[in-house]
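Numbering (UniProt numbering), first residue to last: 1 to 352.
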């Protein structure tokens with residue numbers, strides 16, 4: 001497979017997943033504040049700021065806006081073309097990647113991504129403000145439809161595996177960011193107890209990962225922070241859990257390279273295998289002992305390292321030559337702060 005085709009498959013999938021995640025996060029946050037403001041007094045600014053923190057885009061946001069409100073955060077995360085992580089930017093970049101490999105994807109895939117693109121071109125801030133539920137529903141359903149069409153119309157070839165790799169590296173990153181930001185917002189101070197307001201907010205965390213119904217089927221009515229953390233981080237069956245996403249990414253990379261658990265052939269496989277092994281034998285107690293924020297920060301950092309190695313091995317315009325002794329981790333393609341945006345910008349520049 002040509003490296004440009006593999007790269008476009010990877011990024012097309014990753015941008016679609018990112019747009020869906022952002023739409024869901026915005027939708028859940030909007031309805032959460034409606035519920036909270038009916039029963040208590042809350043600092044709305046804090047909740048809108050958390051959305052920007054989850055994308056590590058505070059610096060870019062603060063250059064463009066002087067406050068955190070529903071209107072400014074929505075504009076930044078939905079429409080702002082100067083934000084490479086906005087929904088509009090992600091769908092546009094996904095479409096450009098799809099267009100560059102139109103001969104390698106199905107016509108149904110192209111039609112679906114094109115429909116999403118034109119829907120966003122017609123959308124206005126007034127439309128989002130007036131009916132946020134239906135606006136975000138179109139984005140989420142459009143992404144899910146695209147993924148379903150992809151699974152139904154693509155052969156299980158290398159191209160499909162790069163699509164899976166892009167989807168799951170983005171999904172793992174998104175889940176880790178949501179948990180990192182929300183846990184520290186909701187963690188009670190010493191001596192405090194969780195109240196009904198906290199239960200509503202933890203339910204919102206589950207909704208942000210499309211996990212509420214799946215969680216309830218396993219844990220009934222137990223809306224407790226540690227149980228939720230375990231489900232979203234370590235559950236082996238829920239498709240948006242951190243562990244499930246890392247395993248799915250690992251398997252996609254194995255299918256591409258021919259590696260296995262006992263015999264990796266490149267640094268991407270080695271790094272993701274190391275992440276999977278650590279997650280497989282980690283308990284929630286281990287994570288708390290280590291510190292949840294530090295653990296999730298390490299996850300994001302290591303996902304960036306895996307992404308860098310995918311780029312170097314499969315997308316860069318050279319063939320890396322290394323012996324087994326040289327299979328060491330490269331420097332991360334991005335830093336921890338603002339990494340998603342920097343990686344997105346690098347990919348945009350490569351396409352120009």
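Each residue gets a CB set at the ideal place from its N, CA and C atoms; glycine is no exception.
With DSSP collapsed to three states, give me the class of residue i.
i           : result
residue 208 : helix
residue 263 : strand
residue 222 : coil
residue 42  : coil
residue 2   : coil
residue 355 : No answer is possible for residue 355: the residues shown for the chain start at 1 and end at 352.
residue 272 : helix
residue 125 : helix
residue 55  : coil
residue 82  : coil
My understanding is that residue i touches residue j, with C-beta atoms under 8 Å, so please give their C-beta distance in whole angstroms.
i           : j           : result
residue 284 : residue 234 : 7 Å
residue 85  : residue 18  : 7 Å
residue 110 : residue 73  : With 8 Å as the limit, residue 110 and residue 73 do not qualify as a contact, their Cβ atoms being about 32 Å apart.
residue 97  : residue 12  : 4 Å
residue 169 : residue 307 : 6 Å
Go through its chain and collect everything with a Cβ distance to residue i's Cβ below 8 Å, but skip five positions before and after it.
i           : result
residue 186 : 198, 201, 202, 205, 225
residue 219 : 227, 231
residue 172 : 242, 245, 246, 249, 299, 303
residue 82  : 60, 64
residue 71  : 125, 129
How would you label residue i, buried or exposed, when you count the other beta carbons within 10 angstroms and need 16 or more for buried?
i           : result
residue 310 : buried
residue 2   : exposed
residue 16  : buried
residue 103 : exposed
residue 69  : exposed
residue 39  : exposed
residue 252 : buried
Between residue i and the rest of its own chain, which residues show a CB-CB distance below 6 Å, the 5 nearest in sequence each way excluded?
i           : result
residue 133 : none
residue 215 : 206, 231
residue 106 : 153
Using a Cβ-Cβ cutoff of less than 7 Å, which residues in the same chain neighbour residue i once the five nearest sequence positions on both sides are dropped?
i           : result
residue 273 : 250, 261, 264
Would you mind reading off the limits of the alpha helix (DSSP H) that contains residue i?
i           : result
residue 285 : 284 to 290
residue 250 : 242 to 257
residue 88  : 87 to 100
residue 183 : 158 to 186
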